[in-house]
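Reviewing the structure listed below.
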Amino acid sequence: MYTGVLDLHSYWAFAVLGLLLIAVLNAFAGLASKRAFLPKDRQISMIALIFTHVQFVLGLVLIFVSPAMEAAKAAGMGAVMKDSHLRLLLVEHPLVNLIAIILITIGWSKHKKAGDAGKKFKNIGYLYAIGLILLLSRIPYGQWFD
């Protein structure tokens, strides 16, 4: 089960990053051109949001079936914090990604309350971009490209 969930989590990440990039670029393009916020803009942002949340759920499942979690249980939290690889997998990656997903969700929520198109694009563009940067900062690239 672990390998299947890990593979799905890894491949789904490419879709999440691509969709977030598209949503950010679309929001900044809409902001720059001062155009109306169209249903397609809403759909692009919503699909990116949904994929991001599904990725987070996959990550939660992965943490609980991971051999790293078993190693952490056996060694204790002090040992996890001293091991940079375990700390990345069990502390930094989940925590920073949770913060990123919260920011992306706030961007989605704030855009719904905004009155004009400029504010909608700004909320999505900036908060999705910060979320994307945070996600990119905590990807375990060594494990991802193996």
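Numbering of the sequence shown is given in my numbering, commencing with residue -14 and proceeding in unit increments.
Heads up, the beta-carbon is just placed ideally off N, CA and C, and yes, glycines get one too.
The structure displayed is predicted, hence computed values, not measured ones.
Asked	Found
Pick from A8, A85 and V46 that is closest to L(-9), judged by C-alpha positions	V46
Spatial neighbours of I32 in its chain, beta-carbon cut-off 7 Å, leaving aside the 5 residues before and after	L4
Sub-8 Å separation of V81 and F36 beta-carbons	no
With 16 other Cβ atoms within 10 Å as the buried cut-off, status of S30	buried
Where the alpha helix (DSSP H) containing D76 begins and where it ends	First, the amino acid is wrong: residue 76 is Val here, not Asp. Where V76 is concerned, there is no enclosing alpha helix (DSSP H), given that its DSSP letter is neither H nor E.
Unbroken stretches of the alpha helix (DSSP H), 4 residues or longer, contained in the region 12 to 62	24 to 50 and 52 to 60
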